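Only one structure is covered here, and it is reproduced in the block below.
There are 2 protein chains.
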Amino acid sequence: MEKILLSHGGGGEETWKLIKELFFKYFSNPILESMEDAATLSVEGKIAFTTDGFTVSPIFFPGGDIGKLAVAGTVNDLAAVAAEPKYLSVSFIIEEGLPFKDLERVVQSMAKTASEVGVQIVTGDTKVVPKGAADKLFISVSGIGKIVKEGVSARNLSEGDVILVSSTVGDHGACIFALREGLEFEGLKSDCVPLWDMVKRLLEEGINIKAMRDPTRGGLSAVLNEWAQASNVGIFVEEEKIPVDEKVLGLCEFLGIEPYDLASEGNMVIAVAPEDAQKALEILKSHPLGRKASIIGKVKNQPRGKVILKTLYGVERILEPPSGEILPRIC
Amino acid sequence: MEKILLSHGGGGEETWKLIKELFFKYFSNPILESMEDAATLSVEGKIAFTTDGFTVSPIFFPGGDIGKLAVAGTVNDLAAVAAEPKYLSVSFIIEEGLPFKDLERVVQSMAKTASEVGVQIVTGDTKVVPKGAADKLFISVSGIGKIVKEGVSARNLSEGDVILVSSTVGDHGACIFALREGLEFEGLKSDCVPLWDMVKRLLEEGINIKAMRDPTRGGLSAVLNEWAQASNVGIFVEEEKIPVDEKVLGLCEFLGIEPYDLASEGNMVIAVAPEDAQKALEILKSHPLGRKASIIGKVKNQPRGKVILKTLYGVERILEPPSGEILPRIC
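Protein chains in written order, with our numbering: chain A, 1 to 331; chain B, 332 to 662.
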């Protein structure tokens with residue numbers, strides 16, 4: 001197999017060959033290999049269920065690729081509701097002519113990321129569309145997780161809660177931006193990584209997490225504005241506390257955009273009860289994925305539904321929710 | 332909103348407007364409207380988990396559209412492992428410029444089909460890609476169902492088992508084929524429909540179902556060949572027993588193709604224990620979706636891994652698994 005052909009999506013012999021020689025090879029597990037129309041799983045109690053489509057362009061970028069992003073992104077959506085990631089489904093939509101080795105590299109990367117988290121890819125589907133009907137490769141992943149702590153929710157914030165981020169903001173967005181626009185910003189790298197292990201530590205230590213969200217499309221501004229509206233509170237954050245990588249800052253200054261609107265793929269925004277804030281910060285900083293964690297602000301009663309940013313100059317201004325489309329196909 | 336814009340996939344204000352004004356309007360249920368990164372579900376015992384990508388072109392066709400097909404197809408994959416469909420996730424990948432009314436019509440159709448089955452759409456994602464990076468609309472749907480009868484499996488066939496189909500074969504494939512090739516075959520119509528209610532009847536009546544599969548891509552030939560290989564048995568079917576709509580037969584004769592390779596989307600291939608065959612047939616025939624049901628053949632010990640078709644002329648020949656790609660984007 002040198003290239004993916006329409007017949008690989010036809011449901012006949014070539015499809016089975018692709019499934020056996022590629023997907024079973026890397027995603028190998030007994031549930032997947034049962035080859036039924038649906039996987040059979042045993043679960044008890046409350047589960048979380050999520051889905052995301054990935055259309056990022058280019059499909060390979062510094063720090064990751066569409067496969068790592070798809071697994072990490074889905075795992076992070078489960079982690080954000082305090083759910084242990086257990087099972088994933090994968091739906092590939094492939095443009096005819098995609099080099100087999102590109103697909104293999106993506107599949108390998110998905111398998112590696114899934115195995116690091118301990119999540120199994122148990123069911124999948126592959127469609128191949130004619131040249132020009134899609135751009136290279138789209139992946140939709142759904143995930144099922146076991147909820148470890150109930151009630152973690154955007155509607156859960158109240159006065160005094162403290163807001164943390166586990167890492168720098170905007171790394172993924174800045175990396176894809178520079179790559180797509182052909183800008184030379186040496187060293188920009190996607191932060192794309194599954195965060196479950198870090199979140200698990202917070203839960204094991206009994207931190208009273210009120211809300212979590214990974215700030216992907218729309219970045220930190222989107223998450224904070226959603227929270228302020230969903231919980232009907234005011235959120236105050238201080239610019240000097242928000243960690244931004246120097247190279248990301250450089251790109252933002254060059255382009256005149258805000259890092260708060262740019263996607264992260266390895267960062268978690270976390271709201272905790274005030275008495276747990278310091279402990280949460282220490283746990284995050286002691287974890288390899290949370291070394292750059294920071295307390296960035298807190299929740300107040302007013303102004304309801306709004307986010308206030310205290311700038312480096314000490315001025316307070318509203319941090320608006322992002323609008324328009326800075327860069328399509330960021331994830 | 333007249334057309335879908337890139338900003339509708341940006342994760343900011345326009346995305347929220349689309350979610351609230353379109354998806355919440357039609358898919359309305361409390362789980363979806365919690366607006367978290369993942370839906371929280373309560374399930375107990377064995378569940379089935381499946382995913383499918385839908386890339387059918389055109390997105391509207393006689394008998395259905397890509398939305399109805401996506402819900403019905405996923406429901407049927409769950410039904411095929413004897414699982415009651417409970418929850419669906421939906422991932423939309425939309426080409427910039429798609430008329431809003433087209434997306435609305437698809438969403439409405441998904442909501443209607445889901446509601447007929449009693450399945451809830453509880454989580455979703457929307458990506459918009461620039462013009463030319465996708466063709467109109469792709470939908471990936473994942474489904475979770477509650478397994479009602481364990482062990483229904485392609486590996487479960489043994490000598491004497493009886494094979495039934497619940498309806499005519501190839502209707503969906505023939506309809507899309509004619510439409511795409513601009514052939515005038517009056518009255519061809521996709522059979523696209525969710526089959527859970529019919530399967531439920533068989534289960535309620537205690538039919539000993541060994542295996543089930545909806546013959547989509549690759550048609551009846553693909554299903555029977557998979558079964559013969561997975562169970563290491565021979566499968567014998569008689570051409571005169573296999574129901575094929577006259578108009579489908581006409582198209583097949585005109586094109587020189589076999590109806591057994593064409594996709595159905597409202598048909599179930601069912602293997603049952605010999606003593607239950609007549610009762611299963613009666614139950615199917617008494618259901619509105621199974622009026623054209625037929626016993627088409629049986630399972631033997633030899634030739635292992637092969638499907639034998641007795642033609643109308645009384646000749647026995649091997650029914651090969653389909654290969655190549657008759658028509659891309661059939662589902």
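Think of the CB as a built atom: it goes at the ideal place given N, C-alpha and C, for glycine as much as any other residue.
Because the structure is a prediction, the values reported are computed rather than measured.
Spatial neighbours of residue i within its chain, please: CB distance less than 8 Å, with the 5 preceding and 5 following residues excluded, ordered by chain position.
{"i": "A:Leu163", "result": "Sequence inspection shows Ile at residue 163 of chain A; the Leu mentioned does not correspond to that position. Leu224, Ile235, Val237, Val269, Ile270, Ala271, Ile295, Ile296, Gly297, Lys298 and Val299."}
{"i": "B:Val438", "result": "Leu353, Phe354, Tyr357, Phe358 and Gly398"}
{"i": "B:Thr346", "result": "Ser338, His339, Gly340 and Thr457"}
{"i": "A:Gly187", "result": "Lys247"}
{"i": "B:Gly621", "result": "Ser497, Ser498, Met529, Ile614 and Leu615"}
{"i": "A:Gln229", "result": "Gly305"}
Where does residue i land, buried or exposed, given buried means 16+ other C-beta within 10 angstroms?
{"i": "B:Lys637", "result": "buried"}
{"i": "B:Phe469", "result": "buried"}
{"i": "A:Gly143", "result": "buried"}
{"i": "A:Gly118", "result": "exposed"}
{"i": "A:Ile318", "result": "exposed"}
{"i": "B:Arg544", "result": "buried"}
{"i": "B:Gln451", "result": "buried"}
{"i": "B:Asn563", "result": "exposed"}
{"i": "B:Pro659", "result": "buried"}
{"i": "A:Leu157", "result": "buried"}
{"i": "B:Leu551", "result": "buried"}
{"i": "A:Glu205", "result": "exposed"}
For residue i, collect the residues of the same chain with a Cβ closer than 6 Å to its Cβ; drop the 5 residues on either side in sequence, then sort them by chain order.
{"i": "B:Ile362", "result": "Ala370 and Val453"}
{"i": "A:Glu96", "result": "Leu6, Val128, Pro130 and Lys131"}
{"i": "A:Asn301", "result": "Glu159"}
{"i": "A:Pro243", "result": "Thr168, Lys292 and Ser294"}
{"i": "A:Pro274", "result": "Gly160 and Val162"}
{"i": "A:Pro259", "result": "Val169, Gly170, Val244, Val248 and Cys252"}
{"i": "A:Gly64", "result": "Ser190 and Cys192"}
{"i": "A:Val71", "result": "Met110, Thr113 and Ala114"}
{"i": "B:Met332", "result": "Phe431"}
So, does the CB of residue i fall closer than 8 Å to a CB anywhere in chain A?
{"i": "B:Tyr644", "result": "no"}
{"i": "B:Asp492", "result": "no"}
{"i": "B:Ser498", "result": "no"}
{"i": "B:Gly581", "result": "no"}
{"i": "B:Ser562", "result": "no"}
{"i": "B:Ile475", "result": "yes"}
{"i": "B:Pro416", "result": "no"}
{"i": "B:Gly587", "result": "no"}
{"i": "B:Gly549", "result": "yes"}
{"i": "B:Pro653", "result": "yes"}
Determine, using beta carbons only, whether residue i comes closer than 8 Å to chain B.
{"i": "A:Glu325", "result": "yes"}
{"i": "A:Ala174", "result": "no"}
{"i": "A:Phe24", "result": "no"}
{"i": "A:Leu78", "result": "yes"}
{"i": "A:Ile209", "result": "no"}
{"i": "A:Pro288", "result": "no"}
{"i": "A:Val81", "result": "yes"}
{"i": "A:Ser153", "result": "yes"}
{"i": "A:Arg329", "result": "yes"}
{"i": "A:Ala222", "result": "yes"}
{"i": "A:Arg213", "result": "yes"}
{"i": "A:Pro243", "result": "no"}
{"i": "A:Ile147", "result": "yes"}
Considering only residues of the same chain and omitting the five flanking positions on each side of residue i, which have a CB-CB separation below 7 Å?
{"i": "A:Ile330", "result": "Val56, Gly173, Ile176, Arg217 and Ala263"}
{"i": "B:Glu667", "result": "The structure shown has nothing for residue 667 of chain B, since chain B only spans 332 to 662."}
{"i": "B:Pro389", "result": "Leu510"}
{"i": "B:Ser484", "result": "Ala542"}
{"i": "A:Ile257", "result": "Ile326"}
Mind checking whether the beta-carbon of residue i lies closer than 7 Å to any heavy atom of the ligand ZN?
{"i": "A:Glu282", "result": "No copy of the ligand ZN occurs in the structure displayed, which carries no ligand at all."}
Quick one: which unbroken alpha helix (DSSP H) runs of 4-plus residues sit fully inside the segment 569-595 of chain B? Chain order, please. With a minimum length of 4 residues, the unbroken runs of alpha helix (DSSP H) contained wholly in the segment 569-595 of chain B fall at 577-586.
Tell me which residues of the segment 4-17 of chain A have at least one Cβ-Cβ distance to chain B shorter than 9 Å, keeping chain order. Per Cβ criterion, the list reads Leu5, Leu6, Ser7, His8, Gly9, Gly10, Gly11, Gly12, Glu13, Glu14, Thr15 and Trp16.
What are the residues in the segment 53-75 of chain A lying within 7 Å of chain B by C-beta distance? Cβ contacts with chain B: Gly53 and Thr55.
Determine which residues of the segment 120-141 of chain A have a Cβ less than 8 Å from any Cβ of chain B, and write them out in chain order. The residues in question are Val122, Thr123, Gly124, Asp125, Thr126, Lys127, Val128, Val129, Pro130, Gly132, Ala133, Ala134, Asp135, Phe138 and Ser140.
Contacting positions in the segment 358-380 of chain B - beta carbon closer than 8 Å to chain A: Hits within the stretch, in order: Ser365, Met366, Glu367, Asp368, Ala369, Ala370, Thr371, Leu372, Ser373, Val374, Glu375, Gly376, Lys377, Ile378, Ala379 and Phe380.
Write down every uninterrupted run of the beta strand (DSSP E) in the segment 132-212 of chain A whose length is 3 residues or greater and which is fully enclosed by it, in chain order. Scanning the segment 132-212 of chain A for uninterrupted beta strand (DSSP E) segments of 3 residues or longer gives 137-147 and 162-165, listed from N- to C-terminal end.
Using Cβ-Cβ distances below 9 Å, what residues of the segment 298-310 of chain A are close to chain B? Considering only beta carbons, no part of the segment 298-310 of chain A lies closer than 9 Å to chain B.
Taking only runs of the beta strand (DSSP E) that begin and end inside the segment 263-303 of chain A, which ones reach a length of at least 3 residues, in chain order? Taking only runs of at least 3 residues, the beta strand (DSSP E) segments lying wholly in the segment 263-303 of chain A are 269-272 and 294-300.
Could you run through the segment 89-118 of chain A and flag, in chain order, every residue whose CB is less than 9 Å away from some CB of chain B? Ser89, Val90, Ser91, Phe92, Ile93 and Glu96: these are the residues of the segment 89-118 of chain A whose beta carbon lies less than 9 Å from some beta carbon of chain B, given in chain order.
What beta strand (DSSP E) runs, 3 residues minimum, are completely inside the segment 49-128 of chain A? Runs found: 83-95.
What residues in the segment 522-538 of chain B have a beta carbon less than 8 Å from any beta carbon of chain A? Of all residues in the segment 522-538 of chain B, none has a Cβ within less than 8 Å of some Cβ in chain A.
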